[in-house]
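To keep things clear, I will list the structure first and then write my remarks on it.
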Amino acid sequence: MAGYRKLGRTSSQRKALLRNQVTDLLYYGKIVTTEAKAKEIRKIAEGIIALGIKECNNYDTVKVTAKVARKDKDGKRVKEVVDGKKQTVYDEVEKEIKKDQPSRLHARRQMQKTLFTITEAPAEIKGRKKATKTVDVASKVLDEIGPKYAERNGNGGYTRIIKIGQRKGDAAMQVLIELV
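Below is the structure:
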């Protein structure tokens, strides 16, 4: 018996399908799919979550100073004339950032091999490229999902598959796969 389900697709199509569905599962928390796909998704997602749990607290907090452009009440950059040229005025701001330790950085890169970044658009301006932002799902796993499951026993079981019923078109078993 093979070690995985082929899902009636070529290897590149299968890999893209599973990457998309695992990314959506970790971003949205639950998705509806067929039973065979859900069982394959579960394997990949639980491995990523286990990696996130292992590395969720593995960072250093560092203070850095950064130059930030000064802005007026309208949100536009403040400019002043220096030697006959307009130049932007910058302020120095001290920020606290998380600096990954090497093992956490490696875990993040391992996750990014599988996960896609998601482009998020506000609901009121759907369809426009302006005001969209990209969300890194690997960061979400390390910062939100990992600490959430850190107190659980480390034997997996982070996902749940619930049977919904058969699909009308081809009678394939539909399931809801969700994070517990």
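Start counting at 1 in the sequence shown, then tack on 3, and there's your number in the numbering used here. Glycine included, C-beta positions come from ideal geometry on N, C-alpha and C. Predicted, not measured: the structure shown is a model, and the values here were computed from it.
Could you check where the beta strand (DSSP E) with residue i kicks off and where it finishes?
| i | result |
| --- | --- |
| E123 | 120 to 123 |
| T91 | 88 to 91 |
| Q169 | 162 to 169 |
| T117 | First-last for T117: 105 to 117, but that is the alpha helix (DSSP H), not the beta strand (DSSP E). |
| E181 | 176 to 182 |
For the putative contact between residue i and residue j, defined by C-beta atoms under 8 Å, what is the C-beta separation to the nearest angstrom?
| i | j | result |
| --- | --- | --- |
| T68 | V92 | Not confirmed; about 16 Å, so no contact. |
| Q113 | L54 | 6 Å |
| I52 | V144 | 7 Å |
| K74 | V81 | 7 Å |
| A110 | E58 | 4 Å |
| V183 | G160 | 7 Å |
| K88 | T64 | Wrong, their Cβ atoms sit about 39 Å apart, outside the cutoff. |
Comparing alpha-carbon positions, which option in the options lies nearest residue i?
| i | options | result |
| --- | --- | --- |
| A134 | K18, V144, T122 | T122 |
| K39 | V65, G78, L21 | In the sequence on display, residue 39 carries Ala and not Lys. Of V65, G78, L21, the residue nearest in Cα terms is L21. |
| E99 | I148, K66, D77 | K66 |
| Y152 | I56, K88, K18 | I56 |
| R8 | K42, L29, A19 | K42 |
| N60 | A124, P150, D86 | P150 |
| Y62 | D146, Y30, I128, A124 | D146 |
| D94 | V85, K79, A72, E83 | A72 |
| L29 | R163, A174, A175 | R163 |
What first and last residue would you give for the alpha helix (DSSP H) that runs through residue i?
| i | result |
| --- | --- |
| I151 | Inspection of the sequence shows that residue 151 is occupied by Lys rather than by Ile. Run containing K151: 149 to 152, per the alpha helix (DSSP H) assignment. |
| K143 | 140 to 143 |
Is residue i near the ligand SAH, going by C-beta to nearest heavy atom under 8 Å?
| i | result |
| --- | --- |
| G159 | Because no ligand of any kind appears in the structure shown, any question about the ligand SAH cannot be addressed here. |
Practice prompt. Check whether the segment 136 to 146 touches the segment 164 to 172, counting contact only when three or more Cβ pairs, one atom from each stretch, lie closer than 8 Å.
Written response: no
Worksheet item: Are there three or more Cβ pairs, one per stretch, closer than 8 Å when the segment 140 to 149 is compared with the segment 113 to 126?
Response: yes
Practice prompt. Evaluate contact between the segment 22 to 39 and the segment 174 to 182, counting only Cβ atoms and requiring at least three cross-stretch pairs below 8 Å.
Written response: yes
Item to complete: Would you check if there are 3 or more beta carbon pairs closer than 8 Å linking the segment 14 to 26 to the segment 39 to 52?
Response: yes
Discussion item. Does the segment 94 to 109 come into contact with the segment 4 to 13, if we say contact requires no fewer than three beta-carbon pairs (one atom in each stretch) closer than 8 Å?
Written reply: no
Fill in: 3 or more residues per run - each beta strand (DSSP E) lying fully within the segment 23 to 81
33 to 37, 62 to 72
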